[in-house]
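Comments concern the structure below.
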Amino acid sequence: MNLKKISVKMSWLLRHCQTPQYIELNGGWADVKTILSVLKERYPDVTLETIKQIVADDEKGRYSFDTTGTKIRANQGHSIPNVIIEMESPEPPEFLYHGTASRFLDSIMNEGLKPMSRQFVHISPDYPTAVKVGSRHGKPVVLKIRARDFVADGNELYRSSNGVWQAKAVPPEYFSVCYSD
Ligand code: HQG
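So for the sequence shown, the numbering used here puts the first residue at 5; every next one is plus one.
Pasting the structure below:
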C-alpha cells in the first residue's frame, strides 16, 4: 500500500475538498469512519490502522485525532472556506521565514505575501524548512520576516499545533530576501 498517496488523498479531503459536508466548520473535524469509507473507494485495503499509522508517522504533524479518537482533522493548510482551526498567538521569535519560488518574487515584493488559495500565508520557523517549502514550487527563495515588529505593529500572527506560523497577509515592508540563516 502506498501510504504517501493515501495521505495526499486524506489531506485533500480534510483541507481542500470544496463540497465537504463531512467537515465540521468549527474545528475542521471529520468522522474517521467517513474518511475511511471515502478512502476505501479508491484504496480498498485501507483500514483504521492505516490511518492511525499515517497520522503517527507524518513528518509534519499534519493530522490530529480528537480525544475520543473518532474524529480526525488536518491541523492547518485549509482552503475549505469558513473552517476555523483554533491557533495560539505566542510571542514570535524576532525572525521567521517564508519559502517561495523565484518566479513569484516580483509579485510578492509588490503586493506582499498573500494566502493565495489557502486561508493563511504559511510561515516557517527556520530557514531550512523554508527552503524545502519553496522548493515545492521551483527555484527556492527565502524571505526573512521581521515577525516581532509585525506583531508589535498590531498584526495578527498565529501558530498552529504543528508549529507552522500563519498570517492573513504580510506587507512587503516586513520582509527581505535572505540567502542564509
Ligand atoms: C506564493 C506545505 C505571487 C507563496 C508546506 C507560495 C507549507 C505569492 C504560493 C504549506 C504571493 C502559494 C503551504 C503573491 C504568496 N504573488 N505569489 N503576492 N503571495 N505567494 O502551496 O506557503 O505539505 O499555497 O510564496 O510545508 O508554499 O501541504 O503555500 O509559493 O507549510 O502539509 O504563492 O504547504 O505543507 O503556495 O505552502 P501554497 P506554501 P503540506
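For every residue, glycine included, the Cβ atom is placed at its ideal position computed from N, Cα and C. Computed from a predicted structure; not experimentally measured.
Between which two residues does the alpha helix (DSSP H) carrying residue i extend?
| i | result |
| --- | --- |
| residue 124 | Where residue 124 is concerned, there is no enclosing alpha helix (DSSP H), given that its DSSP letter is neither H nor E. |
| residue 40 | 36–46 |
| residue 139 | 131–139 |
| residue 60 | 52–61 |
| residue 87 | No alpha helix (DSSP H) holds residue 87; DSSP gives it neither H nor E. |
| residue 13 | 7–19 |
For residue i and residue j, I'd like the C-alpha separation in whole angstroms.
| i | j | result |
| --- | --- | --- |
| residue 56 | residue 68 | 10 Å |
| residue 169 | residue 92 | 9 Å |
| residue 86 | residue 118 | 17 Å |
| residue 53 | residue 165 | 23 Å |
| residue 5 | residue 155 | 45 Å |
| residue 48 | residue 133 | 34 Å |
| residue 180 | residue 108 | 14 Å |
| residue 71 | residue 21 | 24 Å |
| residue 89 | residue 184 | 32 Å |
| residue 75 | residue 140 | 30 Å |
| residue 151 | residue 97 | 7 Å |
| residue 46 | residue 39 | 12 Å |
DSSP beta-bridge partners for residue i?
| i | result |
| --- | --- |
| residue 105 | 144 |
| residue 170 | 126, 162 |
| residue 92 | 163 |
| residue 181 | 147 |
| residue 117 | 174 |
Heavy atom of the ligand SAM less than 7 Å from the Cβ of residue i, yes or no?
| i | result |
| --- | --- |
| residue 27 | Among the ligands modelled here, namely the ligand HQG, the ligand SAM does not occur. |
Would you mind reading off the limits of the beta strand (DSSP E) that contains residue i?
| i | result |
| --- | --- |
| residue 66 | Taken as a continuous stretch (DSSP letters only), residue 66 belongs to no beta strand (DSSP E), as it is neither H nor E. |
| residue 76 | 75–78 |
At a cut of 8 Å, does the segment 58–76 reach the segment 8–16 through at least three beta carbon pairs? yes
Does the segment 170–178 come close enough to the segment 110–117 that 3 or more CB-CB pairs lie under 8 Å? yes
Any chance the segment 74–83 sits against the segment 146–153, with 3 or more Cβ pairs inside 8 Å? no
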